[in-house]
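Novice: Our numbering numbers the first residue of the sequence shown as 130 and each following residue consecutively. Ideal placement from N, C-alpha and C gives every residue a C-beta, glycine not left out.
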Amino acid sequence: MASLSLSDRLKPWLPLLLVPVLIVLGFFAIGNPSSWLTLTVSGLAMGMMIFVIASGMTLVFGLMDVINFGHGAFISFGAFVGTSVLLALGTMTGVPSLMLNLLAVAAAVLAAMIVTGVMGLAFERVIVRPVYGSHLKQILVTMGGLIVAEQLIYVIWGGHEIVIARPETLKGAITFAGAALEKYRLLAVGVGLVVFLALRAVMRRTKIGLIVRAGVENPEMVQALGYNITRVFIGVFIAGSALAGLGGVMWALYQEIITAHMGNEIMILVFIVVIIGGLGSVEGCFIGALTVGLVQNYAAFLEPKLALISNIALMVAILMWRPMGMVPVIKAK
């Protein structure tokens, strides 16, 4: 048997080098170390939040073959539910106590994930299930579901945007090596990393993860082995919706303002991340989200007009390099 060449052995690992290479290139392009560090942390924080939102969608898209434009509704609902909880716990968020502030954020996140998880269950049963296998119908009905969800937000919370202040200890920034690093963005990096490691552990080291990965490649064989693939589909859809709710809360505190259509706006970035990462791939989604966040922040600093097309240009470049995404999951159809 012929041994693989060095380039062939390195090829699977090249996507992993994309983020560190991009960070190094950003350092030389920006020149100022403190500005580079600030932009890098901001890009990583933005990428982590996009990853949390997109990770659920990439599993739904990859496993269930469902194009769910209604995913943006879960982001918006998560943001509004989380914001309502934080406003109700104003006595905990307004005091300079890190423990109380984190407990308030945790309560908001838990409430948002529960509500969006239940929404995901209802969405799958009522809207998505009748259109399995038809992408055109999926686009139409899930877009309709998104519109209905946005109108429900208007009914429940009104049509005005809501300003949400971060908890007291998460305001401001810390200074490191001459760079101003926002406290909340550092927290966002940590939360995103925990979510990634947890998802990867579940997908790689548990039985349910094995069933999900097998379902991505060959759902018919999983069904033939006696596993109820329909229940797996429902579980993945609920988990993806709950992750969108978590991401909605994080994005709300990141922007400090929420609107009914905020989820619809961020869906462009989510679809870009899912596509360039590879459908069904948690690792690819993670790499893609960090890449999008870094490119967005570097481009906005170096050439603000270029930032308007930076993400589309990034997607085109990566798909020309790897048409199936950076870490593709091949489905045996």
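How big is the Cα-Cα spacing for Arg451 and Val150?
Specialist: Translated into positions along the sequence shown, residue 451 becomes position 322. Translated into positions along the sequence shown, residue 150 becomes position 21. When rounded, the distance between both Cα atoms is 17 Å.
Novice: Please report the distance separating the alpha-carbon of Val234 from that of Ala302.
Specialist: The residue labelled residue 234 in the question sits at position 105 within the sequence shown. The residue labelled residue 302 in the question sits at position 173 within the sequence shown. Rounded to whole angstroms, Val234 to Ala302 spans 18 Å at the Cα level.
Novice: Looking only at its own chain, which residues have a Cβ that is under 6 Å from the Cβ of Ser163, when we skip the five neighbours before and after it?
Specialist: If you number the sequence shown from 1, residue 163 lands on position 34. Answer for Ser163: Gly307 and Ala308, listed in chain order.
Novice: Round the Cβ separation of Thr245 and Gly374 to the nearest angstrom and send it over; I've been treating them as touching at under 8 Å.
Specialist: The residue you call residue 245 lines up with position 116 of the sequence shown. The residue you call residue 374 lines up with position 245 of the sequence shown. Thr245 to Gly374, Cβ: 3 Å. Contact.
Novice: Using DSSP with H/G/I as helix, E/B as strand and the rest coil, what is Val331?
Specialist: What you label residue 331 is simply residue 202 of the sequence shown in a count that begins at 1. In this structure, Val331 counts as helix in the three-state DSSP scheme.
Novice: In terms of DSSP beta bridges, what is Leu310 paired with?
Specialist: Position 181 of the sequence shown, counted from the start, is the residue given in the question as residue 310. In the DSSP output, where bridge partners are listed per residue, Leu310 has Ile303.
Novice: If I follow the unbroken alpha helix (DSSP H) through Lys434, where does it start and stop?
Specialist: As a working mapping, residue 434 is identified with position 305 in the sequence shown. Unbroken run through Lys434: none, as it is neither H nor E.
Novice: What are the boundary residues of the alpha helix (DSSP H) that includes Ile256?
Specialist: Counted from its first residue, the sequence shown places residue 256 at position 127. Segment: none, Ile256 is in no alpha helix (DSSP H) and carries neither H nor E.
Novice: For a test of the three-state rule: what should DSSP assign to Val456, helix, strand or coil?
Specialist: Here residue 456 is taken as the residue at index 327 of the sequence shown, counted from 1. Coil at Val456, not helix or strand.
Novice: In terms of residue numbering, what span does the alpha helix (DSSP H) encompassing Ser171 cover?
Specialist: Here residue 171 refers to the residue found at position 42 of the sequence shown. Its alpha helix (DSSP H) spans residues Pro162 to Met193.
Novice: What did DSSP end up calling Lys462 once you bin it into helix, strand or coil?
Specialist: Position 333 of the sequence shown holds residue 462. Legend: pLDDT at Lys462 = 43, less than 50; position of this residue unreliable, value from coordinates given subsequently. Note: Lys462 maps to coil in three-state DSSP.
Novice: Looking only at its chain, what residues have a beta carbon closer than 6 Å to the beta carbon of Ala174, apart from the 5 residues adjacent to it on each side?
Specialist: Here the question's residue 174 lines up with position 45 in the sequence shown. Same-chain partners within the cutoff: Arg314, Ala317 and Val318.
Novice: Assuming Val214 contacts Ala236 (C-beta within less than 8 Å), just tell me the rounded distance between them.
Specialist: Here residue 214 corresponds to residue number 85 of the sequence shown, with the count starting at 1. Here residue 236 corresponds to residue number 107 of the sequence shown, with the count starting at 1. At roughly 6 Å, the Cβ-Cβ gap stays under 8 Å, so Val214 and Ala236 are in contact.
Novice: Per DSSP, what kind of secondary structure is Val292 in: helix, strand or coil?
Specialist: Position 163 of the sequence shown, counted from the first residue, corresponds to residue 292. Three-state DSSP puts Val292 in a strand.
Novice: Select from Asn197, Leu408 and Val224 the residue whose C-alpha is nearest the C-alpha of Gly344.
Specialist: Reading the sequence shown from its first residue, position 215 is the one you call residue 344. Closest option to Gly344, Cα to Cα, is Leu408.
Novice: Please classify Ile387: does DSSP put it in a helix, a strand, or coil?
Specialist: Working through the sequence shown from its first residue, we reach residue 387 at position 258. Strand at Ile387.
Novice: What separation, rounded to the nearest whole angstrom, lies between the Cα atoms of Gly273 and Gly392?
Specialist: Locating residue 273 in the sequence shown gives position 144, where the first residue counts as 1. Locating residue 392 in the sequence shown gives position 263, where the first residue counts as 1. Rounded to whole angstroms, Gly273 to Gly392 spans 14 Å at the Cα level.
Novice: Heavy atom of the ligand NAP less than 7 Å from the Cβ of Leu326, yes or no?
Specialist: Ligands displayed in this structure: none; no statement on the ligand NAP is therefore possible.
Novice: In chain order, what residues of the same chain lie with their CB nearer than 7 Å to the CB of Tyr283, ignoring the 5 residues before and after it?
Specialist: Position 154 of the sequence shown, counted from the start, is the residue given in the question as residue 283. So the qualifying residues of the chain are Ala389.
Novice: Just to confirm before moving on: does the CB-CB distance between Met350 and Val341 stay below 8 Å?
Specialist: Mapped onto the sequence shown, residue 350 falls at position 221. Mapped onto the sequence shown, residue 341 falls at position 212. Result no, Cβ atoms of Met350 and Val341 do not sit closer than 8 Å.
Novice: Just tell me which of Leu146, Gly191, Arg258 and Leu154 has its CA closest to the CA of Ile363.
Specialist: Against the sequence shown, residue 363 aligns to sequence position 234. Selected option, being the one with the closest Cα: Arg258.
Novice: For the alpha helix (DSSP H) containing Thr298, list its first residue and its last residue.
Specialist: For the purposes of this step, residue 298 is taken as residue 169 along the sequence shown, with counting starting at 1. Per DSSP, Thr298 belongs to no alpha helix (DSSP H) and is neither H nor E.
Novice: Considering just the uninterrupted stretch of the alpha helix (DSSP H) at Ser213, what are its terminal residues?
Specialist: As a first step, residue 213 must be located in the sequence shown, where it is residue number 84. Taken as a continuous stretch (DSSP letters only), the alpha helix (DSSP H) holding Ser213 covers His200 to Ala217.
Novice: Between the C-alpha atoms of Val424 and Val181, what's the straight-line distance to the nearest angstrom?
Specialist: Here residue 424 refers to the residue found at position 295 of the sequence shown. Here residue 181 refers to the residue found at position 52 of the sequence shown. When rounded, the distance between both Cα atoms is 18 Å.
Novice: Give me the residue from Pro296, Ile276 and Met221 with the minimum Cα distance to Glu394.
Specialist: In the sequence shown, counting from the first residue as 1, residue 394 sits at position 265. That would be Ile276, whose Cα lies nearest to the Cα of Glu394.
Novice: So the alpha helix (DSSP H) Gly407 belongs to, where does it begin and stop?
Specialist: In the sequence shown, residue 407 corresponds to position 278, counting from 1. Where Gly407 is concerned, there is no enclosing alpha helix (DSSP H), given that its DSSP letter is neither H nor E.
Novice: Could you work out which residue in Leu146, Val153, Met178 and Val170 is closest to Val320 when comparing CA atoms only?
Specialist: For the purposes of this step, residue 320 is taken as the residue at position 191 of the sequence shown. Looking at the Cα atoms, Met178 is the closest of the given residues.
Novice: Reducing DSSP to helix, strand and coil, say where Leu448 ends up.
Specialist: Within the sequence shown, the letter at position 319 stands for residue 448. Leu448: helix per DSSP, three-state reduction.
Novice: Measure the C-alpha to C-alpha separation of Lys470 and Gly288 and round it to an integer number of angstroms.
Specialist: For the chain, the structure presents residues 130 to 462; residue 470 sits outside this window and is missing.
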